[in-house]
Amino acid sequence: MSWEHIETYYDQNGVLSERATFNDNGVVRVASFTDGVRSQIFQYDNPNEAGGGVKSWDRIEAYYDHNGNLTENATFYDNGIMRAEQWDGGQRKQTVQEDTSDIKSWETHTTIFDPVTGQVGGIAIVYDNGVQLDTVYRDGVRMIEETRDASDALSWDNKVSFFAPDGVRLGSETSMHNGDRIIFAFQDEDGQRDWRLEVDGDNSELWAYRVTEYDVDGINPVVTTYDSITDLSSPYVDSLGLIVILQDGHRAEVSGRDGDARCLLLRVAEPENRQGYNPPFPGLRPPLTEHDQDCM
Ligand SMILES: [Ca+2]
Ligand SMILES: [Ca+2]
Ligand SMILES: [Ca+2]
Numbered sequence: 049m050s051w052e053h054i055e056t057y058y059d060q061n062g063v064l065s066e067r068a069t070f071n072d073n074g075v076v077r078v079a080s081f082t083d084g085v086r087s088q089i090f091q092y093d094n095p096n097e098a099g100g101g102v103k104s105w106d107r108i109e110a111y112y113d114h115n116g117n118l119t120e121n122a123t124f125y126d127n128g129i130m131r132a133e134q135w136d137g138g139q140r141k142q143t144v145q146e147d148t149s150d151i152k153s154w155e156t157h158t159t160i161f162d163p164v165t166g167q168v169g170g171i172a173i174v175y176d177n178g179v180q181l182d183t184v185y186r187d188g189v190r191m192i193e194e195t196r197d198a199s200d201a202l203s204w205d206n207k208v209s210f211f212a213p214d215g216v217r218l219g220s221e222t223s224m225h226n227g228d229r230i231i232f233a234f235q236d237e238d239g240q241r242d243w244r245l246e247v248d249g250d251n252s253e254l255w256a257y258r259v260t261e262y263d264v265d266g267i268n269p270v271v272t273t274y275d276s277i278t279d280l281s282s283p284y285v286d287s288l289g290l291i292v293i294l295q296d297g298h299r300a301e302v303s304g305r306d307g308d309a310r311c312l313l314l315r316v317a318e319p320e321n322r323q324g325y326n327p328p329f330p331g332l333r334p335p336l337t338e339h340d341q342d343c344m
């Protein structure tokens, strides 16, 4: 790229501190140095002109550690999207996008990368209507999707879907505003409905649990109601043993069949602390890696 002129600045000891390159296309690139080592590079697209400039962005900020490794890179696009990437020791850590001019259906979109493999570990999206969607990946494969209705935009509070490593949806669990819960299990082969378990959380029904079983084609429902959890058989009672109840931004609580509460860490916000999960559906039971600890 050709330039018009370059300005170079030195500190009082004669050490290079800043170099500004004014390119012919109007882009200004300012490199700053700390103790002579490059610490940041800012680029501006036509800072002295009206209009959008020659680039799709307005400004790019890049920061470097003392070894010269990129630690953060933030691009402020002309359309109002801000996209920041963070690195740790040369490994990409996370990418955060913000929709400052509201051209997208979301407010923030965060991707967190596995610090070991570099694969996507989680994606967290906050939509304009307040709904939050978190997706948890293991070995690059989607395993859990969780939607939270933080601002009452939906008819339910919380929905968690579980997926097999091949992408097949195993089941889902939906928590309603009134405390009722609906658990769906799908057939491995073709994703047809397998069974449904409804829990009457607010004692509005004559039954406490209602099971609907479907045939191999996912039709011809057979409904059975139960008054007590002790009447429920496997696999329905098993699915109840691992109900996920969200506590805060990072933790989930599972209520064991024995009534004990155990804590699961599965939220994308803290991938380094995410210990795993146990989908409450038969046929996919990876080693249980949740740990007994308080959800505090
Ligand atoms: Ca521009
Ligand atoms: Ca938006
Ligand atoms: Ca009810």
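Residue numbers (the working numbering): 49 to 344. All residues carry an ideal CB built from backbone N, CA and C; glycine is no exception.
query	result
If you count every other CB in all the chains shown that lies within 10 Å of the CB of glutamate 97, and 16 or more means buried, which is it?	exposed
Measuring CB to CB, does alanine 201 end up less than 7 angstroms from asparagine 226?	no
Here's a check: name, in chain order, each residue in its chain whose Cβ is nearer than 6 angstroms to the Cβ of serine 87, leaving out the five neighbours to either side.	Ser80 and Tyr112
Have a look at tyrosine 125 and leucine 181 and give me their C-alpha separation to the nearest angstrom.	24 angstroms
Are the CB atoms of valine 102 and glycine 74 within a distance shorter than 7 angstroms?	yes
Isoleucine 277 by DSSP, collapsed to three states: which one?	helix
What are the start and end residues of each continuous beta strand (DSSP E) run of 3 or more residues lying completely inside the stretch 172-198, in chain order?	179-186 and 189-197
Should aspartate 93 be listed as close to ligand 1, given that the test is whether its C-beta is under 6 angstroms from any heavy atom?	yes
Going by alpha carbons, who is nearest to valine 164 out of Arg140, Ser220 and Phe70?	Arg140
Measuring alpha carbon to alpha carbon, tell me which of Ala256, Leu245 and Ala198 ends up nearest proline 283.	Leu245
Just to confirm my understanding: we take proline 95, look at its own chain, exclude 5 residues before and 5 after, and list those with CB closer than 7 angstroms. What are they?	Val76
CB-CB under 7 angstroms to serine 104, same chain, minus the five flanking residues each way: which ones, in chain order?	Tyr125 and Asp126
Along the beta strand (DSSP E) that carries asparagine 121, what are the first and last residues, could you check?	118-125
Does DSSP classify tyrosine 58 as helix, strand or coil?	strand
Classify valine 63: buried if its beta carbon has 16 or more other beta carbons within 10 angstroms, exposed otherwise.	exposed
Would you say glycine 128 touches ligand 1, meaning its beta carbon is less than 6 angstroms from a heavy atom?	no
Threonine 222: which of Val247, Asn206, Gly166 and Val189 sits nearest, CA to CA?	Asn206
Answer yes or no: the CB of glutamate 155 versus the heavy atoms of ligand 2, is any distance below 6 angstroms?	yes
Helix, strand or coil for tyrosine 112 per DSSP?	strand
Does any heavy atom of ligand 1 sit closer than 6 angstroms to the C-beta of lysine 141?	no
May I have the straight-line CA-CA distance separating tyrosine 58 from alanine 122, to the nearest angstrom?	26 angstroms
Where do the ends of the beta strand (DSSP E) carrying leucine 245 lie?	241-247
With respect to 6 angstroms, is the separation between the Cβ of lysine 152 and the closest non-hydrogen atom of ligand 1 below this value?	no
Beta carbon of glutamate 146, beta carbon of valine 174: below 7 angstroms?	no
Measure the CB-CB distance between valine 259 and threonine 272 and report whether it falls below 7 angstroms.	yes
For ligand 3, is there any heavy atom lying closer than 6 angstroms to the beta carbon of glutamate 253?	yes
Indicate the three-state DSSP secondary structure (helix, strand or coil) for tyrosine 262 in the structure shown.	coil
Hey, could you find the ends of the beta strand (DSSP E) tryptophan 255 is sitting in?	Unbroken run through tryptophan 255: none, as it is neither H nor E.
Suppose you measure from the CA of tryptophan 51 to the CA of glycine 100; what does that come to, to the nearest Å?	20 angstroms
On the DSSP letters alone, give me the boundaries of the beta strand (DSSP E) that valine 76 sits inside.	75-82
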